[in-house]
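> Before anything else, here's the structure in question.
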Amino acid sequence: FKLTIIRVIIKSIYPYILITSSPTISYFSTISRIVIILWMAAILRRSTIS
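Structural data, given as structure tokens:
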């Protein structure tokens, strides 16, 4: 069950990672990556609690 959640999260985040990996917005990408990591951690923490 947890693996499917992670797969869904990765699928939903993947386009954002592709967008943020472009060098033109490297400063924005670092911020967005931090936000994505924190968001993923929060979701995983919530799923483990519930």
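Residues 188 to 237 (the working numbering) make up the sequence shown, in order.
Quick reminder that beta carbons are idealized off the backbone N, C-alpha and C, glycines included.
Just so we're clear, the structure is a prediction, and the values are computed from it rather than from any experiment.
#1: Using the C-alpha atoms, what's the distance from Val222 back to Lys198?
#2: Assuming Ser234 contacts Ile200 under a Cβ cut-off of 8 Å, what Cβ separation, rounded to an integer in Å, is found between them?
#3: In whole angstroms, give me the CA-to-CA distance for Ala228 and Ile196.
#4: In chain order, what residues of the same chain lie with their CB nearer than 6 Å to the CB of Arg232, ignoring the 5 residues before and after it?
Put simply:
#1: Within the sequence shown, residue 198 is the residue found at index 11, counting from 1. Within the sequence shown, residue 222 is the residue found at index 35, counting from 1. Rounded to the nearest angstrom, the two C-alpha atoms are 16 Å apart.
#2: Here residue 234 corresponds to residue number 47 of the sequence shown, with the count starting at 1. Here residue 200 corresponds to residue number 13 of the sequence shown, with the count starting at 1. Taking C-beta atoms under 8 Å as the contact rule, Ser234 and Ile200 fail to qualify, at a distance of about 15 Å.
#3: For this step, residue 228 is matched to residue 41 along the sequence shown. For this step, residue 196 is matched to residue 9 along the sequence shown. Ala228 and Ile196: Cα-Cα distance of roughly 11 Å.
#4: Along the sequence shown, one-based indexing puts residue 232 at 45. Listed in chain order, the non-local C-beta contacts of Arg232 below 6 Å within the same chain number zero, local neighbours out to five positions each way being set aside.
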